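Asker:
Residue numbers (the numbering used here): 1 to 185.
(1) Can residue 130 and residue 48 be called in contact, C-beta distance under 7 Å?
(2) Tell me which residue opens and which closes the alpha helix (DSSP H) that residue 177 is part of.
(3) Who are residue 148's beta bridge partners in DSSP?
(4) Under three-state DSSP, which class holds residue 78?
(5) Would you kindly report the start and end of the unbroken alpha helix (DSSP H) that includes residue 52?
(6) Would you mind stating whether residue 134 and residue 155 have Cβ atoms separated by less than 7 Å?
(7) Decide if residue 100 is buried, meaning its Cβ has at least 16 other Cβ atoms within 10 Å, or exposed.
(8) By how many angstroms is the C-alpha of residue 109 removed from the C-alpha of residue 89?
(9) Going by DSSP, which residues form a beta bridge with residue 164?
(10) Please report the Cβ distance between residue 137 and residue 147, rounded to the nearest whole angstrom; I am assuming they are in contact, meaning their Cβ atoms lie under 8 Å.
(11) Buried or exposed: which applies to residue 151, given that a residue is buried once 16 or more other Cβ atoms fall within 10 Å of its Cβ?
(12) Measuring CB to CB, does residue 92 end up less than 7 Å from residue 120?
(13) Identify, in the order they occur along the chain, each residue of the same chain with its Cβ nearer than 7 Å to the Cβ of residue 159, setting aside the five sequence neighbours on each side.
(14) With DSSP run on the structure shown, which of helix, strand or coil describes residue 83?
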């Protein structure tokens, strides 16, 4: 139960980080994706590096992820101090899922399943470049493990390719081209 609460807090922080971007694109994204109410996600800091939620919200390629974080009520958790490692699927990655999957997952009655999937994308701590090694297993916020793979300059997590690395004030984001699905139990 304690791990689950921690996972929820972490995912909420990630969502917040994605919700608070900078610049004109940020204003549009924030208006469309920012959570209602207060919390860490509403704190603006235009001086330092963005947090995970701010980076996600400021990215046009992560609107589906931000919407999922909001539906799971995880935005505030990922805006906190962390540190966190987030494997952030792009909109195209979500588009590879069977039709209707995202729409079904964001329904209130499916929040537990959505949270489990999102928690599988978060590691509590930073898996920095120097720790990203071939065939290493890392326990995620939901308790399941991912496998990191390296082949020359190519990095993968499970079967998804890492297409970008984004350092943030509260961790690191690895942008990936696939949605990580936890193993069935």
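Glycine included, C-beta positions come from ideal geometry on N, C-alpha and C.
Since we're looking at a predicted model, the values are computed, not measured.
Answerer: With the given structure in hand:
(1) Here residue 130 refers to the residue found at position 130 when the chain shown is read from its first residue. Here residue 48 refers to the residue found at position 48 when the chain shown is read from its first residue. It is not a contact, given that the beta carbons lie outside the stated cut-off.
(2) As a working note, residue 177 is residue 177 in the chain shown. Residue 177 -> no alpha helix (DSSP H), and no H or E assigned at all.
(3) Working through the chain shown from its first residue, we reach residue 148 at position 148. Answer is 136, 157, bridged to residue 148.
(4) Locating residue 78 in the chain shown gives position 78, where the first residue counts as 1. Collapsing the DSSP output to three states places residue 78 in a strand.
(5) Here residue 52 refers to the residue found at position 52 of the chain shown. Residues 52-57.
(6) On the chain shown, residue 134 is found 134 positions in, with the first residue counted as 1. On the chain shown, residue 155 is found 155 positions in, with the first residue counted as 1. Result no, Cβ atoms of residue 134 and residue 155 do not sit closer than 7 Å.
(7) On the chain shown, residue 100 is found 100 positions in, with the first residue counted as 1. Looking at its Cβ environment, which holds fewer than 16 other Cβ atoms inside 10 Å, residue 100 is exposed.
(8) For the purposes of this step, residue 89 is taken as the residue at position 89 of the chain shown. For the purposes of this step, residue 109 is taken as the residue at position 109 of the chain shown. CA-CA distance, residue 89 to residue 109, rounds to 23 Å.
(9) Reading the chain shown from its first residue, position 164 is the one you call residue 164. Note: residue 164 sits in a beta bridge opposite 175.
(10) On the chain shown, position 137 is the one that residue 137 refers to. On the chain shown, position 147 is the one that residue 147 refers to. About 6 Å separates the beta carbons of residue 137 and residue 147, which is inside the 8 Å limit, making them a contact pair.
(11) The residue labelled residue 151 in the question sits at position 151 within the chain shown. Under this definition residue 151 is an exposed residue.
(12) Within the chain shown, the letter at position 92 stands for residue 92. Within the chain shown, the letter at position 120 stands for residue 120. Against a cut-off of 7 Å, the Cβ pair of residue 120 and residue 92 comes out as no contact.
(13) The count along the chain shown starts at 1 and reaches residue 159 at position 159. Contacts found: 178.
(14) Here residue 83 refers to the residue found at position 83 when the chain shown is read from its first residue. Looking at residue 83 - three-state DSSP - the assignment turns out to be coil, as it is neither helix nor strand.
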